[in-house]
Each structure stands twice: as C-alpha cells, then as structure tokens.
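Enquirer: Residue numbers (my numbering): 7 to 207.
All C-beta atoms in this analysis are idealised placements derived from N, C-alpha and C, irrespective of residue type, glycine included.
This one's a predicted model, so the numbers in the text were calculated from it and none came from an experiment.
The structure's right below; bear with me while I get my questions together.
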C-alpha cells in the first residue's frame, strides 16, 4: 500500500519578509510614540519648573520691596516713571541681616544694613539677586556702572528674556518678568508676569 506523504507547509520567503517588514513598521511606530511622549513629558516638566521658579522669585521680590523705602531705590525713582522709562536693573536697601532678622534702630525705623540688586544676565537669560553689606545710606547703591561679580550672585529664575522695573504714582513699583516656557521647543512660547508693590516712604 502506498502511503500518502503528509505535506508540511512552511512560510515562503516572501511571507517571512512581509512579516518582518510589518514588525519593523510596528516597532518604528511604537518608538516614535514613545519619543513623542517623552518629549511632551520633558517639555511639561520644564514648563512647570520655569513657572515655579519665576513665581517664587516674584514672591520674594514682593516681600523685599514691601520692606524697603522708595528713597533707597536706584535708579532714581523720578527717572524710571512709567513703562517707557523702565530699568532692567534695580537696587534698594534692606534691613534684614544675614540671619533674616529685620533690624530696627533706636528710633523705631528700619536699620538698613544691606544693599540688594536685582538684574538679568542677558547671556544666560537668568534673573539674579546680589547682596552687599551697606550701612551708610547717605547715598544710594549706584547701579549705573554695576558689574556683576563672578561669585556670590543668587540665581532667582531661569529662561528670563526680560526683566523691567518702573514706578508709577503713589510709590507704586511695577515689575514685569518675561519668561520662555519651553526654550528647547521649535516654537517656544512666552509668558509675561506683571505685579505691583506699594513702597513705604
């Protein structure tokens, strides 16, 4: 008796190549989705970090300006009235010592012991704070020729493309900070934060 031989059917070369192509396409698509997801997550994290840092910087500036006197500000308040005459750097007196204690003199007035300078470094788009001991306030801390020291500056906020300070009526100091939310994106977006603080005389 002749026995029928069982035919074993396998995959043809074309079928194997087609299956491999489909697999590669699937892997490429999955990789693209993962990369897009990572970029979205990274940009989201960076946006949150930039916003948080700017928010904290503004809150600290507001507190410090509320404690200073308008007469200690440089540039002279009369020269930075209105946004058209704003300055990208500002200095003022602080009565807080290095331990954060607000000092009062024998007359019950703030005892100015430090000069504070806020300025933006254009090269790094960074907002810095500089502090220097100063007890003689016969003249204010002149920022006209201010050269930031290489050390000792406190980093306040990053991705800052603009920082402006100006005064309006009734000792109202205005601060405008412009930040780039996602500087590494192809089309980075910006935000402007504006706040106003009433200064003491």
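For the putative contact between residue 115 and residue 172, defined by C-beta atoms under 8 Å, what is the C-beta separation to the nearest angstrom?
Expert: 26 Å between Cβ atoms; not a contact.
Enquirer: Which of the three DSSP states is assigned to residue 115 in this structure?
Expert: coil
Enquirer: Roughly how far, in whole angstroms, is the beta-carbon of residue 92 from the beta-carbon of residue 170, given that I think they are within contact range, below 8 Å?
Expert: Approximately 4 Å separates the beta-carbon atoms of residue 92 and residue 170; this is inside 8 Å, confirming the contact.
Enquirer: Hey, out of 165, 200, 62, whose CA is closest to residue 129's CA?
Expert: Relative to the Cα of residue 129, the nearest Cα in the group 165, 200, 62 belongs to 165.
Enquirer: Return the CA-CA distance between residue 148 and residue 81, expressed in angstroms with no decimal places.
Expert: Approximately 7 Å, taken between the alpha carbons.
Enquirer: Between the Cα of residue 145 and those of 79, 176, 197, 194, spot the shortest distance and give me the residue it belongs to.
Expert: 79
Enquirer: Is DSSP giving residue 174 helix, strand or coil here?
Expert: DSSP places residue 174 in strand when its eight states are reduced to three.
Enquirer: Return the first residue and the last residue of the beta strand (DSSP E) that residue 133 is part of.
Expert: Here the beta strand (DSSP E) through residue 133 covers 132–139.
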